[in-house]
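Visitor: Quick one: the structure is below, and I'll ask about it shortly.
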Amino acid sequence: MGLLEGRKGLVFGVANDRSIAWHIARNLIAHGAVCGFTHLPGDKMERRVRKTLENGGVTDPWLKPCDAASDEDLDRVFAEAKDSFDTIDFLIHSIAFADREYLRTGVFSQTPREVFKQALDISAYTFVAMSNRAAAMMPNGGSIVGMSYHGSEKAIPGYNVMGVAKAALESSTRYLAAELGEKGIRVNTISAGPIRTLSAMAVGGIDEVFEWVERRAPLKRNVEADEVGRTAVYLVSDLASGVTGENIYVDSGYNIVGL
Ligand code: NAD
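Rendered as C-alpha cells:
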C-alpha cells in the first residue's frame with residue numbers, strides 16, 4: 000500500500016513538464032495520492048498543462064482554470080474542488096510571478112510600486128488565500144506545502160523583488176502553521192536550489208548560479224526537480240507528522256556554506 004494511499008489534494012503551478020509542481024505531483028501520485036490541478040486561464044495554457052498531465056499518465060485529469068490573483072477564481076476553484084473531492088488532505092502551492100524586467104536589471108532600488116505589489120500578491124499572498132480556503136476542506140487535518148528559494152534570506156544578484164516575496168512567503172508559512180496547527184494542519188515550505196524551469200529562466204544571470212552551485216555546494220552538483228518532489232512526499236505524508244512551520248532546503252547543501 001502506497002504511503003499516500005487515500006490522500007487527495009490540489010496542486011497549483013504545473014505549466015509544463017519541467018515545472019516543479021509537476022515533479023511534486025508525479026511523486027505524490029506514485030505514492031498513491033489523487034491530485035487535482037489548475038492552469039492559468041486560456042486555451043493554450045490548458046492544452047499545455049493537459050498534455051503534460053496526460054503524457055505523464057494522468058488520464059482524464061481534474062483540471063480547472065485559475066488566476067490566483069483573482070479572489071473570484073480562487074473561490075470558484077475551491078468550490079469546484081469541494082463538489083468533486085468533498086475534503087482534501089494536501090495543498091501544493093508552486094506558483095510565483097514578478098515582472099521579468101526587474102529580475103534582470105539588477106537595480107532593486109528602482110522596483111516600481113506596482114511591480115512590487117504584484118510580485119508579493121501572486122508569490123506570497125496567494126499562499127495565505129489558498130491556505131485559508133484549503134483549511135476549510137481539511138476537517139481531518141492536512142499538509143500545505145509552498146516553494147521558496149534562498150534569495151529570501153540572502154541578497155542574490157538578479158533575484159531582487161522575488162527575494163522579498165519569498166521572505167514574505169516563508170514568514171506567512173510560520174504564521175499559518177502557528178494558527179492552523181490546532182486543526183492538525185501542517186504548513187511548510189521547501190527551499191529548492193536552482194532548477195531549469197520557465198520561471199528560473201526569467202532570473203538574470205541564472206547560468207552563473209548553476210555553475211556556482213556546482214562548484215560550492217557540499218554535494219558539488221545542482222538538484223533535480225525529482226528530489227524536490229520526493230521531499231514533498233515526505234511533507235505530505237505522516238512521516239512528517241511532527242514537522243510544521245519549517246523551511247526545508249533541498250539545495251545540495253548550498254545554503255550552509257559561508258565561503
Ligand atoms: P514554472 O514556471 O514551471 O511554474 C511557475 C508557475 O506559476 C506556473 O505554472 C505559472 O502558471 C504559475 N503562475 C504564475 N502566475 C500565476 C497566477 N497569477 N495564477 C496562477 N498560477 C500562476 O517554474 P517553477 O520553477 O516550477 O516554479 C514553481 C515554484 O518554485 C515557484 O514558487 C518558484 O519561485 C519556486 N522555485 C523555483 C526554483 C527554480 O530554480 N526553478 C527554485 C526555488 C523555488
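All residue numbers for the sequence shown refer to this note's numbering, where the first residue is 0 and numbers rise by one. We put the beta carbon where it would ideally sit given N, CA and C, even for glycine.
Which one of A68, D66, T86, V202 has the shortest CA to CA distance from M136?
Guide: Comparing Cα positions, the closest option is T86.
Visitor: Given a threshold of 16 other Cβ atoms within 10 Å of its Cβ, counted over all protein chains shown, does L218 qualify as buried or as exposed?
Guide: That one is exposed.
Visitor: Strictly under 7 Å for the Cβ-Cβ distance: is S251 near chain D by that measure?
Guide: The chain labelled as chain D is not found in the depicted structure, where only one protein chain is given.
Visitor: Under three-state DSSP, which class holds N187?
Guide: Note: N187 maps to strand in three-state DSSP.
Visitor: Among the residues of its own chain, which have a CB less than 7 Å from the CB of S171, if the five just before and after it don't count?
Guide: A123, F126, V127.
Visitor: For ligand 1, is there a heavy atom less than 6 Å away from the beta-carbon of A177?
Guide: No.
Visitor: Which word fits N159, buried or exposed, when buried means at least 16 other C-beta atoms lie within 10 angstroms of its C-beta?
Guide: N159 is buried by the Cβ-count criterion.
Visitor: In angstroms, rounded to a whole number, what distance separates the CA positions of P111 and A191?
Guide: Their Cα atoms are separated by approximately 27 Å.
Visitor: In this structure, does DSSP put I247 in helix, strand or coil?
Guide: In the structure shown, I247 sits in a strand (DSSP, three-state: E or B).
Visitor: Taking Cβ to Cβ, would you say G203 is nearer than 7 Å to G157?
Guide: Yes; because the gap between Cβ atoms is below 7 Å, this pair is in contact.
Visitor: Which residues count as close to ligand 1 when the rule is a CB under 5 Å from any of its heavy atoms, in chain order?
Guide: Taken from the N-terminal end onward, the list reads G12, A14, S18, I19, L39, D66, A67, A68, S93, I94, A95, F96, I121, M146, Y148, A191, P193, I194, T196, L197, S198, A199.
Visitor: Which residues does DSSP list as the beta-bridge partners of T58?
Guide: Paired residues: none, contrary to the question.
Visitor: Are the beta-carbon atoms of G228 and H22 separated by less than 7 Å?
Guide: Yes, the Cβ-Cβ distance between G228 and H22 is below 7 Å.
Visitor: Sorted by chain position, which residues of the same chain lie with C-beta nearer than 6 Å to E223's C-beta, five sequence neighbours on each side aside?
Guide: Excluding sequence neighbours, E223 sits near nothing in its chain.
Visitor: From R99 to G31, what distance separates their C-alpha atoms?
Guide: Straight-line Cα distance between these residues: approximately 37 Å.
Visitor: Just list the residues that DSSP pairs M200 with in beta bridges.
Guide: For M200, which the question treats as bridged, DSSP gives no partner whatsoever.
Visitor: Name the DSSP beta bridge partners of T172, please?
Guide: Partner(s): none; T172 has no beta bridge.
Visitor: How do the region 68–76 and the region 50–60 stand: do at least 3 beta-carbon pairs fall below 8 Å, yes or no?
Guide: Taking 8 Å as the limit for Cβ pairs, the verdict is that the region 50–60 does not touch the region 68–76.
Visitor: Is H38 helix, strand or coil when you go by DSSP?
Guide: DSSP places H38 in strand when its eight states are reduced to three.
Visitor: S142 by DSSP, collapsed to three states: which one?
Guide: In the structure shown, S142 sits in a strand (DSSP, three-state: E or B).
Visitor: If you count every other CB in all the chains shown that lies within 10 Å of the CB of K116, and 16 or more means buried, which is it?
Guide: Result: exposed.
Visitor: Apart from the five residues on each side of it in sequence, which residues of its chain come closer than 6 Å, Cβ to Cβ, to F107?
Guide: Only N159 meet the Cβ criterion.
Visitor: What does the alpha-carbon distance come out to for the pair T51 and D16?
Guide: The straight-line gap from Cα to Cα measures roughly 5 Å.
Visitor: Give the straight-line distance between the Cα atoms of W61 and F11, rounded to the nearest whole angstrom.
Guide: Going by the C-alpha atoms only, they are around 12 Å apart.
Visitor: Could you tell me how far apart the beta carbons of V235 and L27 are, in whole angstroms, since I believe they sit closer than 8 Å?
Guide: 6 Å between Cβ atoms; contact.
Visitor: May I ask you to report which of helix, strand or coil DSSP gives I91?
Guide: Residue state, collapsed to three classes: strand.
Visitor: Mapping the DSSP letters down to three states, classify S147 as helix, strand or coil.
Guide: In this structure, S147 counts as strand in the three-state DSSP scheme.
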